[in-house]
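Protein chains in written order, with the numbering used here: chain A, 1290 to 1553; chain B, 15 to 246; chain C, 248 to 725.
A virtual CB, placed ideally from N, CA and C, is assigned to each residue, including glycine.
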Amino acid sequence: MNERDREHSPPQRKKRVALFVTCLADLFRPSVAFASIKLLEQAGCEVTVPLRQTCCGQPAYNSGNYEDAVLQAQEVIQLLAGADYVVVPSGSCAGMISHHYPTLLDGEWRDRALELAAKTFELTVFLKDIAHIRPKRKKSPAKLPSVAYHDGCAGLRELQIKSQPRDLLRELSGVEVCELQQSEVCCGFGGTFCAKMPAISGKMVDDKLKDAVATGARILAGGDLGCLLNIAGRAERLGEDIEVRHIAELLSMQFDGPAIGKGK
Amino acid sequence: MNASARSEIFARLREITGEAPAERIQRERQALGSAPVPAPPAAELCQAFLTNVLKNKGTVDCVANRTEAVTAIGHHIYSHFRSHRLVAGNDPRLAAMPWRDAGVLPRFGSLEVGEPVALTFAQLGVVETGAIVTWTGKSNPAANNLLPEHHIVLVDTADLVSSMEHAWGRINLELEKTGRPRGINFIAGPSSTADIEGQLVYGAHGPRKWHVILMGDVPADALALARAAVPA
Amino acid sequence: MEQHSDTFLDNASAALGNTAQAERRDVIAAFAPLIRSAAVEGFTEFDALRQHVKRVRQHSLDHLEYYLGQFEHEAVHNGNHVHFARDGDELNSLVLDICQQHDARHVAKGKSMVTEETGLNDFLQRAGLEVMETDLGEYIIQQAGETPSHIVAPALHKSAGEIRELFQAKHKLGDRELPETVDLVSEARQVLREHFLKAEVGIIGANALIAENGYSMLVTNEGNGDLCANLPRVLIVCTTIDRVLPLAQDATAMLRLLVRSATGQSQTCYTSFYSGPRRESDVDGPIETHFVLLDNKRSEILDSDYREMLECIRCGACLNHCPIYSAVGGHAYGWVYTGPMGSILTPLLTSLEQSHALPNACTSCGRCAEVCPADIPLPDLLRDLRHEENSKKLSAPRWRLGLKLHSWLTRHPPLYHALTSIVIPVLHWFGRKHGNFERLPLAAGWTSQRNFPAPEGKTFMQQYKAQQKRREQGKHER
């Protein structure tokens, strides 16, 4: 169905979206999940949050504990099987589900993983490419300070997310993104990597932070809380005055609360 | 020769990969076809070749015939070395050139210590890479390609081939006639190194300068267009 | 070569502490990807080429016994002696035997990672031969008594100043100061030219072996390998059995990928194909030529889930694009092969026990796989090695068991949510003022480099469930 048909056809049943919150948003940044719900509803979706969700299994998987990761993947597949769409406010968790579950699992489970993969989307991809979210008509958005965008590696390379967050920031929040010079280089988070090899990770996040600060932007946004906790933590350590926020917070214009790692 | 190592390695490989009839393996390879070739920088062959030679940090000249070629060679040697001497392999095509007309004094043979310039008549020029191809033999001592300060290469426009695949086509025809030469050399630029701080320096071991003279029916504007495409 | 991969973390810390070298690495890390992308951008069918060469490589490996046999047959027909070596020691002995048969005292060596792997230079030198590396980068590190830090540019970790001091110490310079890089190159050229002329044996590697005609392909920019192949009386080509390709055009197709990925050129200055000893009509060239073809675990890799690693063409692109390689440099990896490809090859060619830190030196960022001209899924292979590490219980127990416990908890949602709804609000309360912690128990690795952001408040699940409950109540009340 092309764009024209969609506009002229009678109103359809709302898209039923299950939100996979991600463990980091659940524990450290609930406002990301609330902002995601708000955005999905703004895009005309009916949002449910499966209550038995925990973690997608990346820590086990990336540490080479495939056996446990398989069990976690199976839990997630069962949990999300009934949804029309699954939306994840994280490139790496969305990549885990849509990219790695099918290679991790075999046989019937692999087929189920492929089914889930086909309907799982990272938040900005879903909003931009699937739900075609439009800015709210009534009030013009409050002017955002300048924003730099950090591309999480999994989102960038596994899911080819590049233009969507930038387009959305322009269309929904009315702000042009400042580009980092080395925008495609990892921030050094890497899950357990940052704790297993802290000195190397420290050098990498330092480079990323310097690059972000050099853009002159007031806010560094990103789509992955792992990266953002890492960069925000380093910014606090060095006393750098840049706010780190998840893109969902900016798109939903809910950024009155403290930025990541900031006190009240 | 260590026969047991050989038989052990082959036995192990056979165990891993299994055996298949040679014809089937060759058929499988044939079915894979040939590799894609990058598009040339210009549609016209001479211009494309000259452009790529310039990109390879070669210097170029275009001449219409052998008389012009010896003049250009003489001019190059004199302007760089205030000399009329060069060394060239025992290539009948070079021996037959009108050297005296340009006052050039060639010596035919292998480059000796202290001789700065060697001339090679290339067997082929590869448009795709801006490389010249020579193979070893009486007319091509390897030293002449590798040891001079300046390496001058003459390429006949009739010997230009578009890609490395076409180069192999021509080489294989030649090999059927003369047997396999010891060495086949694709040369694409002066000897260079970036091993010290990534800084590009010419004349690492071999020639500091690589001068290509394209001889034959070269379109009048080919050289100017090539130069325009490659910033100095 | 001696291995120090087991101390990767210490090696890395030392490398990070050397600020001058770290700054040079930063410059290269910013620069090298630009050269590659400029070379690839203009070539719209680059990915199609990558897939074509991959199919050819897979085909060659699927029929390696056939093609190796064909290569051997053709190479012998061309007048070569062809030898096989099961491991590095066998290769070293074979090469020494050949040198001794010719009463050789001087060896001129072209760049070869395979002979770095087998430690050939040391072996020959202990037997009394003078072995001179002739690639400029290899020459520099040989003089300095170091090992390569990069498979393509082995001395890139050294500054021009350090190289100048090295030449001042090792060469008879008199009052020459060698102020510019070009002077350093000229100096090395002079010294090495003399060595080329007196060497009785030349040793080179090969980028490919061609089954259909028995030629080997050698790719260089300096031309040093060609001098090794053409000037000495005896030529020995050392490479591994997996390098064989069916057709000559396959080797040049691979070349298209290799040079663009390695140095951003469309062709290196010298791409040479050698088939054997001097022919009757030749005026120069070696009178005797040998191939020494090494297995050293390649057949094991062929028979494993890591077979794709044999498709690596040693271009160095994964190193140039790896943020961890550029942070710590090649020496930290502690062996011949470095960066992502080295973190896979080192455990496979030595042992995982000695080198299991290397597959962990990866954030799975995927930049290496994106640029790999052989299309090897490097992050996946690294993760598979971590799987082996985990299965063999080589990783630190606190990590292994901690992650196991975490995984178990996440598979028991009520317990997980109950626990997190206690821990998270407590953590929030302690961190409410600053919004982060400078130190935190059980998070020393994290907090050694960065503060730990405090949770925003209660968990999302707590808040969401409460919200749903309020809504339900609201409905009932209406």
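Segment limits, beta strand (DSSP E) that includes residue i
i         : result
C:Arg373  : Unbroken run through C:Arg373 is the alpha helix (DSSP H), Leu367 to Arg373; no beta strand (DSSP E).
B:Trp149  : Ala145 to Trp149
C:Glu377  : Glu377 to Glu380
A:Phe1544 : A:Phe1544 -> no beta strand (DSSP E), and no H or E assigned at all.
A:Cys1475 : That residue, A:Cys1475, is in no beta strand (DSSP E); it is neither H nor E in DSSP.
B:Pro120  : Leu119 to Phe122
Exposed unless 16 or more other CB atoms sit within 10 angstroms - verdict on residue i
i         : result
B:Pro245  : exposed
C:Val670  : exposed
A:Val1365 : buried
C:Lys716  : exposed
C:Val300  : buried
Of the listed residues the options, nearest to residue i (C-alpha basis)
i         : options                                       : result
C:Met360  : C:Arg283, C:Glu427 and C:Pro395               : C:Pro395
C:Ala435  : C:Arg490, C:Ser307, C:His418 and C:His330     : C:His418
C:Gly384  : C:Val448, C:Tyr313, C:Leu420 and C:Thr467     : C:Thr467
A:Pro1339 : C:Tyr711, C:Arg718 and C:Lys722               : C:Tyr711
A:Thr1481 : A:Lys1304, A:Asn1354, A:Lys1303 and A:Leu1416 : A:Asn1354
C:Asp631  : A:His1389, A:Arg1305 and A:Val1306            : A:His1389
B:Asn66   : C:Glu685, C:Gln305 and C:Ala286               : C:Ala286
A:Lys1266 : A:Phe1478, A:Leu1469, A:Ser1490 and A:Cys1483 : Residue 1266 of chain A cannot be examined here, being either before or after the span of chain A that is shown, 1290 to 1553.
B:Gly193  : B:Ile227, B:Thr150 and B:Pro112               : B:Thr150
A:Leu1316 : C:Arg686, C:Gln268 and C:Val673               : C:Val673
C:Pro570  : A:Ala1524, A:Arg1523, A:Met1493 and A:Ala1503 : A:Met1493
B:Asp231  : B:Asp173, B:Arg184, B:Val131 and B:Pro50      : B:Asp173
A:Cys1334 : A:Val1375, A:Gln1471, A:Val1321 and A:Gln1367 : A:Val1375
A:Ser1435 : A:Arg1401, A:Ala1506, A:Arg1523 and A:Asp1530 : A:Ala1506
A:Gly1384 : A:Ala1372, A:Asp1373 and A:Ala1402            : A:Ala1402
B:Phe19   : C:Ala332, C:Ser307 and C:Glu312               : First, the residue type needs correcting, since residue 19 of chain B is Ala and not Phe in the sequence shown. It is C:Ala332.
C:Glu427  : C:Thr381, C:Arg440, C:Ala407 and C:Ala446     : C:Ala407
Residue i, DSSP secondary structure in three states
i         : result
B:Val226  : strand
C:Pro479  : coil
C:Val663  : First, the amino acid is wrong: residue 663 of chain C is Tyr here, not Val. Note: C:Tyr663 maps to helix in three-state DSSP.
A:Val1266 : No answer is possible for residue 1266 of chain A: the residues shown for chain A start at 1290 and end at 1553.
C:Glu535  : strand
B:Cys76   : strand
C:Ile398  : coil
A:Leu1328 : helix
A:Arg1534 : strand
B:Tyr216  : strand
A:Met1290 : In this prediction, A:Met1290 has a pLDDT of 42, which is less than 50 and means its spatial position is unreliable; what the coordinates show is noted afterwards. Coil at A:Met1290, not helix or strand.
C:Gly470  : coil
C:Cys562  : coil
C:Ser463  : strand
B:Ala49   : coil
B:Ile201  : strand
C:Tyr584  : coil
C:Ala262  : helix
C:Cys612  : coil
Extent of the continuous alpha helix (DSSP H) to which residue i belongs
i         : result
A:Thr1504 : Per DSSP, A:Thr1504 belongs to no alpha helix (DSSP H) and is neither H nor E.
B:His180  : Met178 to Thr192
B:Asp170  : Unbroken run through B:Asp170 is the beta strand (DSSP E), His164 to Asp170; no alpha helix (DSSP H).
C:Met708  : Phe707 to Glu724
Same chain, Cβ closer than 6 Å to residue i, neighbours up to 5 away in sequence not counted
i        : result
C:Val399 : Ala509 and Gly563
C:Asp369 : none
C:Phe520 : Tyr462 and Met464
Sequence-distant residues of its chain with Cβ nearer than 8 Å to residue i (five each side left out)
i        : result
C:Glu412 : none
B:Pro204 : Lys71, Gly72, His165, Tyr216, Gly217, Gly220, Pro221, Arg222, Lys223 and Trp224
C:Asn683 : Asn698, Phe699, Pro700 and Ala701
B:Glu33  : none
Contacting residues, own chain, Cβ-Cβ under 7 Å from residue i (five flanking each side not counted)
i         : result
A:Val1359 : Leu1393 and Leu1394
A:Ile1549 : Arg1318, Leu1517, Leu1518, Ala1521, Val1533 and Arg1534
A:Arg1302 : none
A:Leu1457 : Thr1413, Leu1416, Lys1417 and Leu1540
Minimum Cβ-Cβ distance from residue i to chain D less than 8 Å
i         : result
A:Glu1364 : Protein chains A, B and C are contained in the structure displayed, whereas chain D is not.
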